[in-house]
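Worksheet: the structure to be examined is printed underneath.
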Amino acid sequence: MVDEIFDEAAAERLGLAQGRVAVLIHTGSRGLGHQVCADHVRPMDEAAGRLGIELPDRELACAPLSSPEGRRYFAAMCAAANFGFANRQVIAETARRVFARVLGDGELVLVYDVAHNTAKIERAAGREVCVHRKGATRAFGPSSAEIPARYRGLGQPVFIPGSMGTASFVLVGTDASAAVSFSSTCHGAGRTMSRGAAKRQVTGHELRKELEGRGIVVRCPSNAELAEEAPVAYKDVERVVDVVHRAGIARKVARLRPMGVVKG
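So the mapping is simple: this note's numbering equals the position in the sequence shown, first residue as 1, plus 93.
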């Protein structure tokens with residue numbers, strides 16, 4: 094639910110208003126994306142050895158973008174990203190049908206859909222470059238031709254989710270972000286511990302009770318999976334967003350608070 098508005102004009106452009114329900118869908122290519130990575134690590138490793146590229150870690154295997162290995166990986170990564178967009182669309186349509194069946198009138202209108210963990214060919218500082226965003230998303234400013242016409246003059250919508258028990262934020266990108274971060278921002282609060290560490294420290298049963306005690310409805314196949322996403326495993330999203338805002342990468346529009354969580 095929209096809990097606080099920081100920029101009334103921007104919020105209105107995005108269709109957000111105090112007390113309005115919003116649905117955030119955070120998923121991507123999942124197993125397909127993992128398989129794409131697994132399929133290309135060895136060829137990249139071999140290419141790096143052939144080209145004399147010294148790697149501090151095999152998981153940093155790489156090859157020039159213009160090489161056969163680089164071109165094949167880039168094409169596969171783009172396909173996985175497209176799968177992620179399709180995956181989110183299917184989930185969004187399911188949510189629309191559920192809302193229509195339960196509530197009748199009203200509709201869910203898409204604000205924006207953006208991918209993270211991708212590489213994109215873009216223009217920056219007058220050059221064509223490959224911008225690799227790991228744990229990051231685009232945050233184009235209002236004058237960028239890369240964003241839909243309806244958001245030009247405003248900036249690309251930016252989403253920074255916290256956790257299932259904390260706030261999430263909607264922002265818009267700024268033109269200043271081009272020089273600061275290649276028009277990029279974080280895609281979430283970020284973890285303070287791994288999923289495995291969270292499962293060892295938190296019991297899903299107790300977490301479920303805590304969240305539901307705060308009025309947050311939880312739906313998850315197992316308590317073990319729920320523990321992976323415990324709020325304690327994440328950074329303070331309020332501080333993270335304040336840093337992004339003060340750095341001029343994106344500016345705050347609205348704060349959302351969780352009412353319900355579905356963990357797949």
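Where is the CB? At the ideal position from N, CA and C, for every residue including glycine.
A quick note: this is a predicted structure, and the numbers were derived from the prediction, not measured.
| Nearest to residue 227 by alpha carbon, out of 211, 233, 330? | Taking the first residue of the sequence shown as position 1, residue 227 is located at position 134. Comparing Cα-Cα distances from residue 227 to each of 211, 233, 330, the minimum goes to 211.
| field | Those residues which DSSP pairs with residue 225 across a bridge | value | Counted from its first residue, the sequence shown places residue 225 at position 132. Partner(s): 212.
| task | Can you tell me which of 330, 205, 277 puts its alpha carbon nearest to the alpha carbon of residue 341? | result | For this step, residue 341 is matched to residue 248 along the sequence shown. Ranking 330, 205, 277 by Cα distance to residue 341 puts 277 first.
| said: In this structure, how does DSSP classify residue 98 when only helix, strand and coil are distinguished? | reply: As a working note, residue 98 is residue 5 in the sequence shown. The answer is strand: DSSP assigns residue 98 an E or B state.
| query | Is the number of C-beta pairs between the segment 263-277 and the segment 285-296 that are closer than 8 Å three or more? | reply | no
| request: Quick one: which unbroken beta strand (DSSP E) runs of 3-plus residues sit fully inside the segment 142-221? Chain order, please. | output: 211-217
| query | residue 277 CB to nearest chain B CB: under 8 Å? | reply | As a matter of chain content, chain B is missing from the structure shown, which is built from one protein chain.
| said: To the nearest angstrom, how far is the alpha carbon of residue 200 from that of residue 192? | reply: Taking the sequence shown and counting its residues from 1, the one referred to as residue 200 is at position 107. Taking the sequence shown and counting its residues from 1, the one referred to as residue 192 is at position 99. Answer to the nearest angstrom: the Cα atoms are 8 Å apart.
| message | Just verifying my parser: in three-state terms, what is the DSSP assignment at residue 356? | response | One-based indexing of the sequence shown puts residue 356 at position 263. In the structure shown, residue 356 sits in coil (DSSP, three-state: anything other than H, G, I, E or B).
| Selected residue, minimal CA-CA separation from residue 244, among 128, 205, 303 | Your numbering for residue 244 matches position 151 in the sequence shown. Comparing Cα positions, the closest option is 205.
| request: Starting from residue 285, follow its DSSP beta bridges and name the residues at the other end. | output: To locate residue 285, count along the sequence shown from 1; it is residue 192. Answer is none; residue 285 lacks a bridge partner.
| query | So residue 306 is in the alpha helix (DSSP H); what residue range does that whole segment cover? | reply | Mapped onto the sequence shown, residue 306 falls at position 213. Where residue 306 is concerned, the enclosing alpha helix (DSSP H) stretches over 297-306.
| task | Measure the Cβ-Cβ separation of residue 356 and residue 299 and say whether it is below 8 Å. | result | Residue numbering aside, residue 356 sits at position 263 when the sequence shown is read from its first letter. Residue numbering aside, residue 299 sits at position 206 when the sequence shown is read from its first letter. For residue 356 and residue 299, no; Cβs fall outside 8 Å.
| Bounding residues of the beta strand (DSSP E) (the contiguous stretch that carries residue 346) | Taking the sequence shown and counting its residues from 1, the one referred to as residue 346 is at position 253. Counting along the chain, the beta strand (DSSP E) containing residue 346 begins and ends at 343-349.
| said: Pairs of beta-carbons, one from the segment 99-115 and one from the segment 162-177, closer than 8 Å: are there three or more? | reply: no
| field | Cβ neighbours of residue 275 in the same chain (closer than 7 Å, five flanking residues each side left out) | value | Locating residue 275 in the sequence shown gives position 182, where the first residue counts as 1. Cβ within range, chain order: 217, 224.
| field | Straight-line Cα distance separating residue 97 from residue 250 | value | In the sequence shown, the residue the question calls residue 250 occupies position 157. In the sequence shown, the residue the question calls residue 97 occupies position 4. Cα to Cα, the separation comes out at about 16 Å.
| Between which two residues does the alpha helix (DSSP H) containing residue 274 stretch? | Here residue 274 is taken as the residue at index 181 of the sequence shown, counted from 1. Residue 274 -> alpha helix (DSSP H) spans 270-274.
| field | Rounded Cβ spacing between residue 260 and residue 331 (contact assumed at less than 8 Å) | value | Position 167 of the sequence shown, counting from 1, holds the residue named residue 260. Position 238 of the sequence shown, counting from 1, holds the residue named residue 331. Right, their Cβ atoms sit about 7 Å apart.
| said: If the criterion is Cβ atoms closer than 8 Å, does the pair residue 280 and residue 229 meet it? | reply: Residue 280 sits at position 187 when you count from the first residue of the sequence shown. Residue 229 sits at position 136 when you count from the first residue of the sequence shown. Yes; because the gap between Cβ atoms is below 8 Å, this pair is in contact.
| message | Taking the alpha-carbon of residue 160 as reference, which of 150, 144, 173 has the nearest alpha-carbon? | response | Here residue 160 is taken as the residue at index 67 of the sequence shown, counted from 1. Considering only alpha carbons, the answer is 144.
| Do you know whose CA, among 283, 354, 221, lies nearest residue 326's CA? | By one-based count along the sequence shown, residue 326 stands at place 233. Comparing Cα-Cα distances from residue 326 to each of 283, 354, 221, the minimum goes to 283.
| query | To which residues does DSSP link residue 264 through a beta bridge? | reply | Taking the first residue of the sequence shown as position 1, residue 264 is located at position 171. Beta-bridge pairing links residue 264 to 251, 345.
| CB-CB under 7 Å to residue 140, same chain, minus the five flanking residues each way: which ones, in chain order? | Mapped onto the sequence shown, residue 140 falls at position 47. Only 156, 160, 162 meet the Cβ criterion.
| Residue from 336, 333, 329, 292 with nearest C-alpha to residue 315 | In the sequence shown, counting from the first residue as 1, residue 315 sits at position 222. Cα-wise, what sits closest to residue 315 is 292.
| message | In this structure, how does DSSP classify residue 116 when only helix, strand and coil are distinguished? | response | Position 23 of the sequence shown, counting from 1, holds the residue named residue 116. Looking at residue 116 - three-state DSSP - the assignment turns out to be coil, as it is neither helix nor strand.
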